[in-house]
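A short worksheet on the structure shown next.
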């Protein structure tokens, strides 16, 4: 659980810095969307890393941010590199979040 939460937090950090690293900081909507959802991702990933099970609202929010990471490059018409970054990391976020949601809530293993 902790590893998945920390990896999701790192993905959130990537989305915070991605506008400058990949080069879409000149697009205001995409810039702020990436930053805001990246910050949300970092917060809920670290807050919910030890809260498995379907009742973990933090993992649900993380799943939603993952979906947003997948679709936002298309909404803002970003280039191929930016699209691939969003889609791949968004899907990883979704998988890790759903994995945490499906984990046995009685187990606090360090997966």
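Residue numbers (full-length UniProt numbering): 1 to 111. Ideal Cβ positions, reconstructed from N, Cα and C, are used throughout, including at glycine.
Here the alpha carbon of residue 31 sits roughly 9 angstroms from the alpha carbon of residue 20. Note on geometry: alpha-carbon atoms of residue 58 and residue 80 lie some 30 angstroms from one another.
Taking C-beta atoms as the reference points, residue 38 and residue 13 count as a pair closer than 8 angstroms. In terms of CA proximity to residue 72, 91 leads the group 96, 56, 91. Within the model, the alpha-carbon separation for residue 61 versus residue 23 is close to 27 angstroms. Linking residue 10 to residue 42 through their CA atoms gives a straight-line distance of about 7 angstroms.
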